[in-house]
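In what follows, a structure is listed as structure tokens, so that the remarks can point back to it.
Residue numbers (our numbering): 4 to 123.
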């Protein structure tokens, strides 16, 4: 796979399983990662369209997840993208409570970003 063909964002099996469950409960989903306060740079999961994106956001990837009909868009604020542009983001899930705004919060888990330098 050429460097340009490497996805900018991917999901672990654990994250894919959680996305399937959340899709069953809430319908189509989206991610946004802002790097703001509270949960820092944790990706926030919303019903698709619930978080309004604009010119200060970049669509990094539309994630295809097996068992989820509609791809899950992954948005990031431009300022975060400038800091993370050299990395491949890996959406994972860990035990623990994340933000009350993200859909996985009631599940007792939270989404987490792991990263690798692009090309590795």
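The beta-carbon is built from N, C-alpha and C at its ideal position, and this holds for glycine as well.
Quick check on the DSSP output: the alpha helix (DSSP H) that includes residue i runs from which residue to which?
{"i": "residue 81", "result": "81–87"}
If you measure from the beta carbon of residue i to each beta carbon in chain B, is any gap under 8 Å?
{"i": "residue 33", "result": "Going by chain labels, chain B is absent from the structure shown, which holds only one protein chain."}
Cα separation between residue i and residue j?
{"i": "residue 45", "j": "residue 14", "result": "14 Å"}
{"i": "residue 92", "j": "residue 29", "result": "24 Å"}
{"i": "residue 106", "j": "residue 117", "result": "19 Å"}
Take the Cβ of residue i as the centre, count every other Cβ of all protein chains shown within 10 Å, and call the residue buried at 16 or more, exposed below.
{"i": "residue 19", "result": "buried"}
{"i": "residue 76", "result": "buried"}
{"i": "residue 104", "result": "exposed"}
{"i": "residue 55", "result": "exposed"}
> What are the complete beta strand (DSSP E) segments, minimum 3 residues, inside the segment 16–100?
Replying inline: Those beta strand (DSSP E) runs which fall completely within the segment 16–100 and span 3+ residues are 32–36, 47–50, 60–66, 75–80, 90–98.
>> Can you confirm whether the segment 79–90 touches the segment 57–67 when touching is taken to mean that 3 or more C-beta pairs between the two stretches lie within less than 8 Å?
In response: These segments touch.
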